[in-house]
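Position one of the sequence shown corresponds to residue 9 (my numbering), numbered consecutively onward. The C-beta atom is built at its ideal place from N, Cα and C for all residues, glycine as well. Take a look at the structure set out below.
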Amino acid sequence: MATRWDPFQEMDRLMSSVLSSTRNSAVMPMDLLREEDHYVLAVDLPGADPGTIDVSVEDTMLTIRAERTARSSSADWLVRERPSGTFARQLQVGRGLALDQITASYADGVLSLTIPVSEQAKPRKIEVQHASTPAQITQDAPAAS
């Protein structure tokens with residue numbers, strides 16, 4: 009029995025598997041900025057069911073999950089470009105953030121996270137103590153007999 013191998017179909021399968029791993033990040037575009045003593049992460053989740061949005065932190069890994077449910081699959085679709093299903097994005101965050109104080113809100117299809125900088129990582133002034141000059145020390149010291 010002969011086996012048929014189509015190199016173009018194999019290449020298409022390979023490219024689909026590579027691109028599917030980056031699909032979730034393309035579906036969840038984000039902006040990240042720093043404002044004074046906190047970071048703001050804004051993730052686009054248009055059409056996501058608000059009850060399915062899940063944000064979790066484990067050690068230094070921030071995970072965002074959401075679901076977008078599809079409309080009736082029994083319909084005769086003419087065009088179907090909006091992806092549905094479960095989407096996830098993970099971000100490795102650095103130390104120096106107060107991960108136990110993250111706040112999240114979802115409005116107008118945008119998930120906003122506020123991530124405070126920890127107290128230990130905030131810039132601070134160190135007071136410099138002024139020592140006496142050596143000449144003053146020798147003048148004030150009693151003479152040795």
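Specify the secondary structure class of L86 as computed by DSSP and reduced to three states.
Coil at L86, not helix or strand.
Helix, strand or coil at V136 according to DSSP, with G and I counted as helix:
Looking at V136 - three-state DSSP - the assignment turns out to be coil, as it is neither helix nor strand.
Can you say whether V51 is buried or exposed, counting buried as having 16 or more other CB atoms within 10 angstroms of its CB?
When all chains shown are included, V51 counts as buried.
Closest residue to G104 among V118, S126 and Y114 (Cα-Cα distance)
The candidate whose alpha carbon is nearest that of G104 is S126.
Inter-stretch contact at 8 Å, needing at least 3 Cβ pairs: the region 111–120 / the region 39–50
By the criterion of at least three beta-carbon pairs nearer than 8 Å, the region 111–120 is in contact with the region 39–50.
Nearest-angstrom beta carbon gap, P58 and R156 [assumed within contact, 8 Å]:
Outside the shown range of the chain, which is 9 to 153, sits residue 156, and nothing can be said about it.
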